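Its first residue numbered 26, the sequence shown is counted upward by one per residue in the working numbering.
Taking it in order: structure first as structure tokens, then the write-up.
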Amino acid sequence: MDVKRIILWIIFFFSLLMIFNSLINFNNHKSFFFSDIIKKTSLLNKYDIEKSSIINYKKHICSEEKNIKKNCINVKRKIITITTDIIKADIDTIGGTLKKLELLKYKDSNNSINNLKLFNCESNNTYLAKSGLLNKEFPNSNSKFIALPGKRTLGNNDFVKLILESKKNDIKLTKTYIFRRGDYKIDIIHTITNYSNKSIIPLLQMELIRDGNKPNGESYFCRTFTGLASYNNTDKFKKISFKDIEKSKRIYLNQSNNGWIAIIQHYFVSAIIPINGIKREAFIKKLSNNLYKIDYILPINKISPNSKVDIKSYLYSGPQISTMLSKTDPNLDLVKDYGWLTIFAKPIFKLMVYIHAFLDNWGWSIIFLTILIKLIFFPLSAISYKNMLKMKLLSPKIQEIRDRNKKNIKKTNEEIVNLYKKEKINPFSSILPIIIQIPVFISLYSVLLNSIEIRNAPWLGWIHDLSSPDKFYILPIFMMISTIIQNQLNSQSLDPEQNIISKFAPIIFSIVFFFFPSGLVLYWLMNNILTIIQQWIINRSLI
């Protein structure tokens, strides 16, 4: 096999390996090439629950899992429904728990008639947002609340407010939910009023609870991260998979006065964000089989008799739209985690959004972006292909050397190297320009995989959702054909065994794309077509 063919196979398998590495890295598994950004081992072993300054927490969590199970069974209770222009929320008067949250602008992946439910409380699907004081003697996340009268729909207003109150042992907890027009961020104000004759130092708990199931409609071949996450200015961004929680059972994450905790799934996120300056401690725990939680404990300053304290925070629960995430918190956009590709992926995403502003179609935006990136890298590709073509023209001489020195491999290699020197060809100059481009194109691939903007976005004709596989397999078939053509442009005389590998490897590689989202297949098809055109132009210029 000549050097050029070896180079092509190295590039081919290296590309496959990098794509696979990118996917497993996004799924929070160990990278082949890079140390984990998340550093799961140090995260889970560094802290222990005993390091927490909150001594009551350990006693409280022992009985909590029983209350969670009660919340999701058919028990008679009053549910308050709040409806805005983009969400519909069900809030239980037991605990003031946010039990259901429908996103009115997004449909369920398995049933396009139903709205997507981010929060839910059913036997096979648990996802809740809870809060309360961390003391059984005070109003807590299992106490009965009374809803004050008020509007329950947005109507023509800019916001709708729900006020819940619970009083126990002369301590009153008031929860105020504020839902705003066009906003997935919910303001939550906890007001603690001390009507007793002694001072209190309460603890406020805010928690997100979810089962470990993958979201509906997730592709087996394009699996993305589902799990927990946290951020603060000291520890930065961390992701924790449900599998990690199984190993450690209970985790003390960190203590800070800034940041957020979140639950991430493909395209969507729920995050609790107390205002900066409030001290908080973050915890993670497995509550029961396939049920997990991440929560904040906020120590509250001493509240004197007949005094009250307001604690303001936000709950963002909705799509991973960069502008909305950054508006809610400057660092919340980190949930769109591209791993080590972030340095390339974020500028590519911004460029794609900019292009879409003009074209108003995500399919055409993907095509235009792919063309633009190919044009930018055309000089590098030209260098690579020119060197490959020069090496191809030397193939007869190389074969002659091999035939002449069949039994002397060392001499064969020496003569081939001398031939390259004589013709002023550096085989590695064909590889380097392509290696430089690989991270950029994989970043584009990662951007398309994780951009909610293409969810339910049509292109043309039969493509109604760029985030779903092509039901008629038209794009994957064209992609397979383009891969075969591209391979044929690089083909040379091979022995029969090598020829079989050369023919069938692209087909096997292409079959995987039959199950990929059509937006990703469209990108790869366009990239193949542009590469074919590019090779044809360069070949004609040199022959």
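Glycine included, C-beta positions come from ideal geometry on N, C-alpha and C.
Treat the numbers as computed from the prediction; the structure is a model and nothing was measured.
- In the DSSP secondary-structure assignment, LYS186 is bridged to ILE203.
- Separation of ILE225 and SER492 (C-alpha to C-alpha, rounded to the nearest whole angstrom) is 52 angstroms.
- Within the same chain, ILE203 and ARG205 come within 6 angstroms of PHE184 by CB-CB distance, once the 5 residues on both sides are set aside.
- Partner residues in the beta bridge of THR216, as assigned by DSSP, are THR199 and ASP335.
- With the rule of 3 Cβ pairs closer than 8 angstroms, the stretch 216 to 230 does not count as touching the stretch 120 to 130.
- The secondary-structure analysis by DSSP pairs LEU228 across a beta bridge with PRO324.
- The alpha-carbon separation between ALA407 and THR556 amounts to approximately 11 angstroms.
- Here DSSP, grouped into helix, strand and coil, assigns PRO355 to coil.
- Counting every other CB atom within 10 Å of its CB across the protein chains shown gives GLN424 a total below 16, marking it as exposed.
- Assignment of ASP269 by DSSP, reduced to helix, strand and coil, places it in the helix class.
- Counted as a single uninterrupted DSSP element, the alpha helix (DSSP H) harbouring ARG429 occupies residues 420 to 429.
- Per DSSP, the continuous alpha helix (DSSP H) segment holding LYS399 begins and ends at 387 to 401.
- With a cut-off of 8 angstroms on Cβ pairs, the stretch 330 to 345 is in contact with the stretch 288 to 300, counting three or more such pairs.
- Under the 10 Å beta carbon count, PRO501 is surrounded by 16 or more other beta carbons and is classified as buried.
- As the crow flies, the alpha-carbon of GLY364 is around 24 angstroms from that of GLU271.
- Using a 10 angstroms sphere on the CB of TYR379, the tally of other CB atoms stays under 16, which defines it as exposed.
- Put simply, of HIS381, ILE111, TYR317 and PHE539 the residue whose alpha carbon is nearest the alpha carbon of ARG275 is TYR317.
- For the pair MET504 and PHE538, the CB atoms are nearer than the 7 angstroms cut-off.
- A distance below 7 angstroms between beta-carbons, with the five flanking residues on each side excluded, links LEU550 to the following residues of its chain, in chain order: LEU500, PHE503, MET504 and SER507.
- By the neighbour-count criterion, in which a residue is buried when 16 or more other Cβ atoms sit within 10 angstroms of its Cβ, GLN513 is exposed.
- For ALA254, the closest of VAL472, PHE308 and TYR209 by C-alpha to C-alpha distance is PHE308.
- The beta strand (DSSP E) runs lying completely inside the stretch 451 to 508 and spanning 3 residues or more number zero.
- The beta carbon of THR108 sits closer than 6 angstroms to the beta carbons of THR178 from its chain, once the five residues preceding and following it are set aside; these are given in chain order.
- Here LEU545 is near LEU473, since their CB atoms are less than 7 angstroms apart.
- ASN140: member of the beta strand (DSSP E) spanning 140 to 147, first to last residue.
- The C-beta separation of ILE234 from LYS155 comes to about 7 angstroms, placing the pair in contact by the 8 angstroms criterion.
- Taking a C-beta distance under 7 angstroms as the contact criterion, ASN314 and SER281 do not qualify as a contact pair.
- ASN140 and LYS200 have their C-alpha atoms some 27 angstroms from each other.
- Sequence-distant Cβ neighbours of ASP354 in its own chain, meaning closer than 7 angstroms and more than five residues away, are TRP285 and ILE298.
- Per DSSP, reduced to three states, the secondary structure at GLY252 is strand.
- Excluding sequence positions up to five before and after ASN553, its CB lies within less than 7 angstroms of the CB of MET504, SER507, THR508 and GLN511, all in the same chain and listed in chain order.
- Spanning the alpha carbons of LYS375 and ASP358 requires a straight line of approximately 13 angstroms.
- Within its own chain, the residues whose Cβ lies closer than 7 angstroms to the Cβ of GLU478, once the five positions on either side in sequence are excluded, are TRP387, listed in chain order.
- For LEU153, the uninterrupted beta strand (DSSP E) run begins and ends at 150 to 158, by DSSP.
- Taking C-alpha positions only, ARG102 is separated from SER191 by approximately 15 angstroms.
- A check of alpha carbon separations from THR106 across PRO174, TYR292, ILE533 and ALA287 identifies PRO174 as the nearest.
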